[in-house]
Structure formats: structure tokens, C-alpha cells
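Asker:
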Amino acid sequence: MSDPTKEWPLWEVYIRSKQGLEHKHCGSLHASDAQQALRMARDVYTRRLEGVSIWVVPSAAITASAPGSKDSYFEPAADKIYRHPTFYVLPDEVGHM
Amino acid sequence: MARTTPSSGSIPSPAFASGPGSAASAPDPDSASAPVEYLLRLADSPLVLSHRLSEWCGHGPVLEEDLALANIALDLLGQARLLYQHAATLEGEGASEDRYAYFRGVSGYRNFTMLELPNSGVASAGATDGDYAFTIVRNALYSAWAIELWQRLSDSTDPQLAAIAAKSLKEARYHFEHAADWLVRFGDGTEESHRRAQRALDALLPYSNEWFVADAVDRDAAATGVGADCEAMREAWLARLQPVVDEATLRWPAESAFLSTGKQGLHSEHLDYLLTEMQSVARAHPEASW
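Listed in order, the protein sequences are those of chains U and D.
Heads up: the first sequence begins at 339 in my numbering, then just goes up one per residue.
Heads up: the second sequence begins at 101 in my numbering, then just goes up one per residue.
1) At the level of alpha carbons, what is the spacing between D:A266 and U:E413?
2) At what residues does the beta strand (DSSP E) containing U:V395 begin and finish?
3) Could you tell me if U:Q331 is buried or exposed, where buried requires 16 or more neighbouring beta carbons within 10 angstroms of its beta carbon?
4) How far does the alpha helix (DSSP H) with D:W337 in it reach, from first residue to last?
5) In the DSSP output, what is D:R252 paired with across the bridge?
6) Using a Cβ cut-off of 9 Å, pull out every chain U residue sitting near D:H278, in sequence order please.
7) Taking C-beta pairs closer than 8 Å, name the residues in chain U that D:E271 reaches, listed in chain order.
8) Which value, in whole angstroms, describes the spacing of the CA atoms of D:P114 and D:Y209?
9) Beta carbon of U:K362: closer than 6 Å to some heavy atom of the ligand SAH?
10) Using a Cβ-Cβ cutoff of 9 Å, what residues of the region 246-257 of chain D are near chain U? List them in chain order.
11) Three Cβ pairs or more, each shorter than 8 Å: is that satisfied between the region 336-356 of chain D and the region 371-390 of chain D?
12) Closest by CA to U:S370, which one among U:R354, U:L359, U:S397?
13) Please return the same chain residues whose Cβ sits closer than 6 Å to the Cβ of U:G389, not counting the five positions on each side in sequence.
14) Could you check what DSSP says for D:E377 in three-state terms: helix, strand or coil?
15) Leaving out five residues on either side along the sequence, give the residues of the same chain with a beta carbon under 7 Å from the beta carbon of U:L376.
16) So D:L176 and D:L149 are supposed to be a Cβ contact under 8 Å. How far apart are they, rounded?
17) With a cut-off of 8 Å, do at least 3 Cβ pairs link the region 277-286 of chain D to the region 240-248 of chain D?
18) Any C-beta of chain U within less than 7 Å: which residues of the region 158-188 of chain D qualify?
19) Counting only C-beta atoms, is U:L437 closer than 7 Å to chain D at any point?
20) With a threshold of 8 Å, are at least 3 pairs of Cβ atoms found where one atom belongs to the region 149-163 of chain D and the other to the region 341-353 of chain D?
21) Give the single residue among D:S207, D:F212, D:L183, D:N211 whose Cα lies nearest to the Cα of D:D198.
22) Give me the residue from D:E216, D:T189, D:A321 with the minimum Cα distance to D:L253.
23) Give a yes or no on whether 7 Å exceeds the smallest Cβ distance from U:L348 to chain D.
24) Taking the Cβ atom as the reference point for each residue, do D:A195 and D:A188 lie within a distance shorter than 7 Å?
25) Please list the terminal residues of the continuous beta strand (DSSP E) segment that includes D:V162.
26) Exposed or buried, what is D:L366 when buried is set at 16 or more other beta-carbons lying within 10 Å of its beta-carbon?
27) Within 7 Å (strictly less), CB to CB, does U:L367 reach chain D?
28) Per DSSP, which one or two residues make a beta bridge with U:W349?
29) Could you tell me which uninterrupted beta strand (DSSP E) segments, each at least 3 residues in length, are contained entirely in the region 179-230 of chain D, listed from first to last along the chain?
30) Quick check: what's the CA-CA separation for D:D229 versus D:L371?
31) If you follow the alpha helix (DSSP H) that D:W282 is part of, which residue opens it and which one closes it?
32) Using a threshold of 7 Å, state whether the C-beta atoms of U:V382 and D:L174 are closer than that.
33) As an exercise, report each continuous alpha helix (DSSP H) stretch of at least 4 residues that is fully enclosed by the region 291-332 of chain D, in chain order.
34) Which partner residues of U:K362 appear in the DSSP bridge assignment?
35) Could you check whether D:T213 and D:S410 sit closer than 7 Å to each other, using their CB atoms as the reference points?
36) Would you identify the three-state DSSP class for D:T361, choosing helix, strand or coil?
Rendered as C-alpha cells:
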């Protein structure tokens, strides 16, 4: 950190709420290391009792699909309505599923 | 100043214990009520530090720290409010948290002098910008002290004070973690950050002497089991700070004979400006509610 104007790396923050089973992404922040990112996540994202557990992940560690590949990645699924189990007739005895 | 005072160090009569607020609870032979003067000492320090920290709001070095300081300021404000409410109940007639906060002048305030010093630091007279090292060192010194205080007051014979202490202790622990983390980063950081952290420590440490020198108010409160023995807190306070200061590669300043007198109501020139700003709205609209 010899250059004081150098930006701190970005971290993605995941919070598990009291009732929640899984950590959910809730935002991102800048911090110089993981411990500081945790503390800052506490201060920035849990002020209203949002959670009981925090994960921070370097944003650089996330590999994301490119916005440009949206068409080839996701559109082919649009006309495959048979993948939704909506064509089965459920007997009344089964009730709510 | 119309309030009861202090210099005699006398404890308000036991009649206070059966004031309006405590009517519901059955008298417990082992429980007592803290003297109002002692409670105001406990309350004024977090209020004044809270105000200093709130001055960083919108001016923090980074967004995340801006929020962290505002959080700490709100914790301290909450502590002060609970203590004022307790004091107001004990004092009775006409007393309220707003009257304590907004309608006492400088000499009525009982906060430690260190906490009223401007964020720019005492070493850089004339500077108006906040020095973050000064804020961090002050928070480290004060929160380490507050941990010792609230730990002891969790066993206060005043049950209300004990409950406030138990709540405040958790907050103080986080405040110390926050300050200690930055203190190490500053001290063991760049040449400039080390220089500023050391300068802040040198300037602030003499102001901590006041915290550990008991006067009649402190002694009376401690003797009845309501308050803490502030002189006995020094060793534990040092033990908590020393490893952090060492890790930060900072030098612990030499002992100083300087003794500030904020807790007796004799303040530096800075408190007047702070109160003027803090109280201006409430004094311009004395009956307003919002």
C-alpha cells in the first residue's frame, strides 16, 4: 500500500438472517483485508438486525457470466415450457404440493 | 445551575430511592440508587464523545468508516440517554433527559475533558479538519476504559445502573475492537500514519489521568457498591491497551502529572463551542417536540 490513493479491493457481503437457512448476497464494500471487510460489513449491513452471520468474499474471486452471452445462455430455455411440471394432473387426494 | 451538586460529594437521601420511577418495584434491602451527580458523570462522557463522533458524519475518510463512526456515536448516545433517564427519575420534579442534555451550561457538564477536545486534535492548533488518528486513539483509550467501567457496574447495587452497564458493555467491546484494529493499522502502517498515531497518543494520554483519580463523588459511589473504584481500573485498562500499542509499534508516552478536571465541571475552552452547536435547536425552540 505504498500508493495512498490506491483503492481498497472490493468484497461481496453475504448475510444469514436469524430465520434464514442460507447466506444471501446483500451488497459489497471496499476494505483492505478480509477481517476489516467483516467488521465493515457488520457496520454497513447489519445495523437493523439483518443477520446473525456474515460471509465476505473477494469480488475478484467470483467468476460471472458475461452480460453479452445472455442470449445464448438463457434464451434457449424460454420455449421449453415442458420443463415446468405444469402438465401433470394431480389427483385431489394429493392436496397442496 | 439549579441542580444538586456535587462538591460536597454527598449522596442524595434514601428518599430518592422511592421516587416516582421506582414505585412499582418492591424494596430490595440490597439495592440502592446511584447519586444523580455520579450518573451525570457517567452520562455526560458518552454524550460528548457521541457528539464529537457525529461531527464525522459525511466527512469520514471512507464511506464504511463514516457509517462505523455513526454507529458508535449512536451507541454512546443511547448509553447517555438511559443514564439521563435514570437520573431524571431519581431527581424527580422537572428533570428530564432533554433538560440534562440541552439546558445545562458548560459548568453543569461532568464529562471527562478528553472527550470534548476537537477532532482536529490538540497538537494541531488552528486546524479545522478532523485527524482520524486522533479520533481512533481517543476511541481506543475511552472504549478500553468503558469496558472496565461497565464490567464493574454490571454488579452495581443500583439494579437499573447494572442493567444499563450490561447493555453498554457489549457495545464498548465492539468500539474497542474497531479502534484497536485501526490503531494497529495506523501505528504499523506508513510513516505518516505512524507519526499521526503517535502524536495523538502523546497528546491524549495525559487527559486519561483524570479517569483514575477518585474524588469524593467517585469514592462515595464506590463505597456504597453503586459505583466503581476508578483507581483500581487503571491496571486492567493498561493491560488491555498495552498489547495493542505494542502491536502498533507505538511508544507509550512517559507519565505526566497533568490532571484535567472535566468531571468536576471545569472544562477546556472547547466544550462551550460544542454545547452551543448541540443545544442551539433545543434552546431556540424550548417547547418543541418532534
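For glycine and all other residues, C-beta sits at the position ideal for the given N, C-alpha and C.
Fair warning: this is a prediction, and the values are worked out from it, not measured in the lab.
Answerer: On the basis of the supplied data:
1) On the second sequence, position 166 is the one that residue 266 of chain D refers to. On the first sequence, position 75 is the one that residue 413 of chain U refers to. Approximately 57 Å between the Cα atoms of the pair.
2) Counting from one through the first sequence, the residue named residue 395 of chain U turns up at place 57. Taken as a continuous stretch (DSSP letters only), the beta strand (DSSP E) holding U:V395 covers 391-396.
3) A question about residue 331 of chain U goes unanswered here, because the residues of chain U that appear run from 339 up to 435.
4) Indexing the second sequence from 1 puts residue 337 of chain D at position 237. Where D:W337 is concerned, the enclosing alpha helix (DSSP H) stretches over 333-347.
5) Looking up residue 252 of chain D in the second sequence gives position 152. Answer is none; D:R252 lacks a bridge partner.
6) Locating residue 278 of chain D in the second sequence gives position 178, where the first residue counts as 1. Those are R377, D381, listed as they occur along chain U.
7) Here residue 271 of chain D refers to the residue found at position 171 of the second sequence. Here the premise fails: no neighbours, minimum Cβ distance about 13 Å.
8) One-based indexing of the second sequence puts residue 114 of chain D at position 14. One-based indexing of the second sequence puts residue 209 of chain D at position 109. Summary for D:P114: the model assigns pLDDT 36, below 50, so the residue's position carries little reliability; its value from the coordinates is reported in the next sentence. Straight-line Cα distance between these residues: approximately 24 Å.
9) The ligand SAH is not part of the structure shown, which contains no ligands of any sort.
10) none
11) no
12) In the first sequence, the residue the question calls residue 370 of chain U occupies position 32. Taking only the C-alpha atoms, the option nearest U:S370 is U:S397.
13) Here residue 389 of chain U refers to the residue found at position 51 of the first sequence. Once the five neighbours on either side are set aside, the close Cβ partners of U:G389 are I353, R354, S355.
14) The residue given as residue 377 of chain D occupies position 277 in the second sequence. It is helical.
15) Reading the first sequence from its first residue, position 38 is the one you call residue 376 of chain U. Once the five neighbours on either side are set aside, the close Cβ partners of U:L376 are I392, V394.
16) Residue 176 of chain D sits at position 76 when you count from the first residue of the second sequence. Residue 149 of chain D sits at position 49 when you count from the first residue of the second sequence. That belief holds up - the Cβ atoms of D:L176 and D:L149 are roughly 6 Å apart, short of 8 Å.
17) yes
18) V162, E164, L167, A168, N171
19) In the structure displayed, chain U extends from 339 to 435; residue 437 of chain U sits before or after that span and is not available.
20) no
21) To locate residue 198 of chain D, count along the second sequence from 1; it is residue 98. Closest by alpha carbon: D:L183.
22) Locating residue 253 of chain D in the second sequence gives position 153, counting from the first residue. Nearest of D:E216, D:T189, D:A321 to D:L253, Cα basis: D:A321.
23) Taking the first residue of the first sequence as 1, we reach residue 348 of chain U at position 10. Output row for U:L348: interface = no.
24) Indexing the second sequence from 1 puts residue 195 of chain D at position 95. Indexing the second sequence from 1 puts residue 188 of chain D at position 88. Yes, the pair counts as a contact, with Cβ atoms nearer than the cut-off.
25) Stepping through the second sequence from its first residue, residue 162 of chain D is reached at position 62. Counting along the chain, D:V162 falls outside any beta strand (DSSP E), and DSSP gives it neither H nor E.
26) Against the second sequence, residue 366 of chain D aligns to sequence position 266. Burial call: exposed.
27) For the purposes of this step, residue 367 of chain U is taken as the residue at position 29 of the first sequence. Interface residue, yes.
28) In the first sequence, residue 349 of chain U corresponds to position 11, counting from 1. BP columns for U:W349 point to U:L367, U:P396.
29) none
30) For this step, residue 229 of chain D is matched to residue 129 along the second sequence. For this step, residue 371 of chain D is matched to residue 271 along the second sequence. Those two C-alpha atoms are separated by around 17 Å.
31) Within the second sequence, residue 282 of chain D is the residue found at index 182, counting from 1. Segment 259-287, the alpha helix (DSSP H) holding D:W282.
32) As a working mapping, residue 382 of chain U is identified with position 44 in the first sequence. As a working mapping, residue 174 of chain D is identified with position 74 in the second sequence. Not a contact, by the Cβ cut-off of 7 Å.
33) 291-304, 316-323
34) Walking along the first sequence from the start, residue 362 of chain U turns up at place 24. DSSP output for U:K362 lists U:I353 as bridge partner(s).
35) Chain D is shown from 101 up to 390; residue 410 of chain D falls before or after that span and cannot be answered.
36) Taking the first residue of the second sequence as 1, we reach residue 361 of chain D at position 261. Looking at D:T361 - three-state DSSP - the assignment turns out to be strand.
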